[in-house]
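Student:
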Amino acid sequence: MKRVVAYLLAVLIFITVSGCNKEDEAKEYTFFGLNTVITYKGPAETAKEVESLINDYENLLSVTRNTSDIYKINEESKATVSDVTSSAVNDALNISKITDGAFDFTLYPVSNAWGFTKSEYRVVGKSTLAALLEKTGYENVSLEGNKVSVPQGFMIDLGGIAKGIITDKISSLLTEKKVESALVSLGGNVYTHGKKNGKKWNVAIRNPFEDGNIGTVEVSDMAVITSGGYERNFTIDGKEYHHIIDPATGYPAHSGLSSVTIVSKNATLADGLSTGIFVMGYDKGVKLWQSRDDFDMILVDDDGKVYVTEGISKDFKGKFTKIGK
Ligand code: AMP
Ligand code: MG
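First residue of the sequence shown: 507, per my numbering; consecutive thereafter.
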């Protein structure tokens, strides 16, 4: 009898231990890539694969690495590129169209002039910007199969969408490897894979004005991607300049929004739209949301007011005003 009790006790302890918060115990892996800190919480066997996937795609899509397809296009105005790059350019063209050109991946000459690409910041004058804008406009990018070409002097930059593209690749990898639960954060842009202990993941949305959050959103199998001027900026003579450029003026975009978070199963779309809607502003952004059913959003305006679209309003914890269809 004693032996039976001891056996039952042992089984009970085993069940308790093995059933307790597996994911809480999942180790977090940190690596550097895409000019930011990347964290991955998931099975140890996949951490290295995720890291090398990011590095491989960065090698193809980076605007500064001289190994990349993008670097080649910018050096030679035309190039035959990998399938990954041609599909990325195709995605960038689509988002540019969807956002009516607010997302424009040909602003590299302008970002360069402001010094965002090398962190050598300066203020750029109106006439210089006008001349540089002559060499921008996504409509000028030609994509035929794997051949990409741009007019002389034009340069492309997938910085506004690359994290999303890579996130979608990570998501496919995790599905392929049958990983049940994982969380990856590319500099605060999060992808939640599966659930955490059977519950949705809780993702914090950063306050664009100071340390801390404006709320949290509960999601599963979703990308949560934020664009905000606070992510990269500099101040000269008391004026702040940030890295998201308004293609109409060449100046940092000031649409009345301080941050735009997109929640979508499609991380590429989420990344492109977060940048595009940051430029478009509230009214146009809401119209775009109303016309589609493949994303939701959390907007913070320049006064700190928070707006959440109805698709995720029940999953958002924090103070907000609901946006309806
Ligand atoms: P994100 O952090 O996704 O909003 O992307 C910002 C990055 O996208 C910048 O660092 C630039 O590389 C690029 N970028 C800046 N302005 C735009 C724009 N209007 N459309 C597309 N990409 C942009
Ligand atoms: Mg983006």
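No residue lacks a Cβ here, since even glycine has one placed at the ideal position from N, Cα and C.
(1) Please go through the same chain and pick out, in chain order, the residues whose beta-carbon is closer than 7 Å to the beta-carbon of residue 533, but skip the five residues on each side of it.
(2) Any heavy atom of the ligand MG within a distance shorter than 7 Å of the CB on residue 778?
(3) Within 10 angstroms of its Cβ, does residue 690 collect 16 or more other Cβ (buried), or is it exposed?
(4) Could you give the first and the last residue of the continuous beta strand (DSSP E) run that contains residue 544?
(5) Quick check: is any heavy atom of the ligand AMP less than 7 Å from the C-beta of residue 750?
(6) Could you tell me which residues DSSP pairs with residue 539 in its beta bridges?
(7) At a cut-off of 7 Å, is residue 542 close to the ligand AMP when judged by its beta-carbon and the heavy atoms of the ligand?
(8) Between the C-alpha atoms of residue 528 and residue 797, what's the straight-line distance to the nearest angstrom?
(9) Are the region 695 to 703 and the region 640 to 650 touching by the rule of at least three beta carbon pairs closer than 8 Å?
(10) Taking the beta strand (DSSP E) that residue 759 falls in, what are its first and last residues?
(11) Out of 686, 548, 594, 552, which one is the CA nearest neighbour of residue 569?
(12) If you follow the beta strand (DSSP E) that residue 695 is part of, which residue opens it and which one closes it?
(13) Any heavy atom of the ligand MG within a distance shorter than 7 Å of the CB on residue 588?
(14) Can you tell me where the beta strand (DSSP E) holding residue 599 begins and where it ends?
(15) Helix, strand or coil: which one does DSSP assign to residue 739?
(16) Helix, strand or coil for residue 681, going by three-state DSSP, please let me know.
(17) Assign residue 558 to one of three DSSP states: helix, strand, or coil.
(18) Taking the straight line between their C-alpha atoms, what separation do you get for residue 530 and residue 729?
(19) Hey, quick one: how far does the alpha helix (DSSP H) through residue 633 stretch, first residue to last?
Tutor: For this structure:
(1) Non-local beta-carbon contacts of residue 533 in its own chain, meaning distances under 7 Å to residues more than five positions away in sequence, involve 550 in chain order.
(2) Yes, the Cβ of residue 778 comes within 7 Å of a heavy atom of the ligand MG.
(3) Here residue 690 is buried, its C-beta having at least 16 other C-beta atoms within 10 Å.
(4) Here the beta strand (DSSP E) through residue 544 covers 542 to 547.
(5) Relative to the ligand AMP, the nearest heavy atom lies less than 7 Å away from the CB of residue 750.
(6) The partner list for residue 539 (beta bridge, DSSP) reads 542.
(7) No, Cβ of residue 542 sits at least 7 Å from all heavy atoms of the ligand AMP.
(8) Only weak support is given to the placement of residue 528: the predicted model assigns it a pLDDT of 45, under 50, and the question is left unresolved by the model.
(9) Counting Cβ pairs under 8 Å, fewer than three are found: no touch.
(10) Bounds of any beta strand (DSSP E) do not take in residue 759, whose DSSP letter is neither H nor E.
(11) Taking the Cα of residue 569 as reference, the smallest distance to any Cα among 686, 548, 594, 552 is reached at 594.
(12) Here the beta strand (DSSP E) through residue 695 covers 695 to 700.
(13) Not under cutoff, so the answer is no.
(14) DSSP places residue 599 in no beta strand (DSSP E) but in the uninterrupted alpha helix (DSSP H) bounded by 589 to 604.
(15) In the three-state reduction of the DSSP assignment, residue 739 falls in the strand class, which pools E and B.
(16) Reduced to three states, the DSSP call for residue 681 is helix.
(17) The answer is helix: DSSP assigns residue 558 an H, G or I state.
(18) Because the pLDDT of residue 530 is 45, which lies under 50, any placement of that residue in the model is unreliable, and the question is left without a value.
(19) 632 to 639 is the extent of the alpha helix (DSSP H) around residue 633.
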